[in-house]
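Reviewing the structure listed below.
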Amino acid sequence: MILLRSSLFFLFLILNTILIAGVGTLIGWVIPRKNIHILDNTWSRLNLWALSAICNLDYRITGLDNLPDESFILFAKHQSAWETIALISLIPGPKAWVLKRELLYVPFFGWVMWHFKPIAIDRKSGRKAVDQIIEQGRERLEDGINIIVFPEGTRVAPGSRKRYGIGGALLAEKTAHPVVPVAHNAGVFWRRRDIRKYPGTIDVAIGPEITTDGLSAAEINAQAEEWIESTVEKMPQQK
Numbered sequence: 118m119i120l121l122r123s124s125l126f127f128l129f130l131i132l133n134t135i136l137i138a139g140v141g142t143l144i145g146w147v148i149p150r151k152n153i154h155i156l157d158n159t160w161s162r163l164n165l166w167a168l169s170a171i172c173n174l175d176y177r178i179t180g181l182d183n184l185p186d187e188s189f190i191l192f193a194k195h196q197s198a199w200e201t202i203a204l205i206s207l208i209p210g211p212k213a214w215v216l217k218r219e220l221l222y223v224p225f226f227g228w229v230m231w232h233f234k235p236i237a238i239d240r241k242s243g244r245k246a247v248d249q250i251i252e253q254g255r256e257r258l259e260d261g262i263n264i265i266v267f268p269e270g271t272r273v274a275p276g277s278r279k280r281y282g283i284g285g286a287l288l289a290e291k292t293a294h295p296v297v298p299v300a301h302n303a304g305v306f307w308r309r310r311d312i313r314k315y316p317g318t319i320d321v322a323i324g325p326e327i328t329t330d331g332l333s334a335a336e337i338n339a340q341a342e343e344w345i346e347s348t349v350e351k352m353p354q355q356k
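Take any residue in the sequence shown, count from 1 to its spot, add 117: that is its number in the numbering used here.
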């Protein structure tokens with residue numbers, strides 16, 4: 118039954134992505150910049166609803182009152198595809214993602230992403246990618262757009278962790294914009310490289326903002342990592 122429900126959701130996800138992204142690709146050029154995020158928020162909410170209705174997979178979120186009034190850099194744990202869907206609508210305001218460049222060439226999904234001004238990097242380019250994050254990230258923040266970063270760079274199985282990359286922390290150091298850490302246990306219910314979505318409730322916790330003025334990138338990363346990883350450890354690790 119779990120596999121059937123998960124397959125039905127996957128089909129629903131593909132169809133609504135083609136529809137919304139297809140329309141967005143065509144009309145995104147004429148939608149005012151302040152309204153463009155209606156598209157991705159609609160897509161996110163629709164799929165969160167479908168996960169609940171089809172797979173009995175819901176979520177609960179705490180800490181929304183920790184979000185600062187100014188634009189910020191969000192550091193999120195990366196365990197699953199769930200957070201790439203959910204954070205779009207759970208975090209208010211316009212958002213730009215730091216993502217690998219290849220995603221922009223995925224049919225429909227990648228095509229519409231161009232309209233949201235992501236920071237699309239070549240992860241093999243080393244320092245050049247970091248410079249790009251700093252340059253384009255500064256522009257987005259000055260325009261009032263929040264930046265979403267997965268500092269581990271790739272999905273990590275529950276109970277595991279990877280070294281936090283320096284790009285997002287350097288952006289925070291250079292701009293003095295606050296960092297907001299986000300922890301969750303989505304990977305317990307929707308594993309990486311697995312179509313199955315297990316029923317339950319995903320916990321999402323938004324931590325207190327990290328004031329970055331006067332901190333080095335290493336110090337920013339250390340504070341964010343400590344809060345995220347220690348908070349994830351306290352969350353349920355069983356379905």
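The beta carbon of each residue, even a glycine, is placed where N, CA and C say it ideally should be. From a predicted model like this one, the values you see are computed outputs, not experimental measurements.
Whose CA, out of the options, lies closest to the CA of residue i?
i, options, result
"Lys-356", "Gln-253, Leu-165 and Leu-174", "Leu-174"
"Ile-236", "Leu-216, Ile-327, Trp-228 and Trp-307", "Leu-216"
"Thr-318", "Asn-263, Leu-207 and Ala-303", "Ala-303"
"Phe-233", "Gly-145, Ile-337 and Gln-249", "Gly-145"
"Asp-311", "Ile-205, Leu-287 and Val-273", "Val-273"
"Val-349", "Ile-137, Ala-300 and Ala-203", "Ala-300"
"Asn-158", "Pro-275, Ile-208, Phe-226 and Arg-244", "Ile-208"
"Arg-244", "Asp-186, Leu-288, Gly-227 and Thr-179", "Leu-288"
Could you tell me the distance, in whole angstroms, from the CA atom of residue i to the CA atom of residue j?
i, j, result
"Arg-309", "Gln-196", "7 Å"
"Ala-335", "Lys-279", "15 Å"
"Arg-176", "Ile-251", "One detail in the question is off: residue 176 reads as Tyr in this sequence, not Arg. About 33 Å."
"Val-147", "Ile-202", "24 Å"
"Arg-122", "Leu-163", "16 Å"
"Trp-231", "Lys-241", "21 Å"
Quick test of your reading: residue i and residue j, contact by CB under 8 Å. State the CB separation rounded to the nearest angstrom.
i, j, result
"Gln-354", "Val-305", "6 Å"
"Leu-258", "Ile-265", "About 12 Å separates the two Cβ atoms, so there is no contact after all."
"Phe-189", "Glu-326", "7 Å"
Please classify residue i: does DSSP put it in a helix, a strand, or coil?
i, result
"Trp-214", "strand"
"Lys-151", "helix"
"Asn-173", "coil"
"His-232", "helix"
"Lys-314", "strand"
"Asn-183", "helix"
"Trp-146", "coil"
Closest Cβ-Cβ distance between residue i and chain B: below 7 Å?
i, result
"Trp-160", "Annotation note: the requested chain B is absent from the structure, which comprises a single protein chain."
Buried or exposed, going by whether 16 or more other CB atoms sit within 10 Å of the CB of residue i?
i, result
"Glu-343", "exposed"
"Asp-239", "exposed"
"Asn-338", "buried"
"Gly-331", "exposed"
"Ala-341", "buried"
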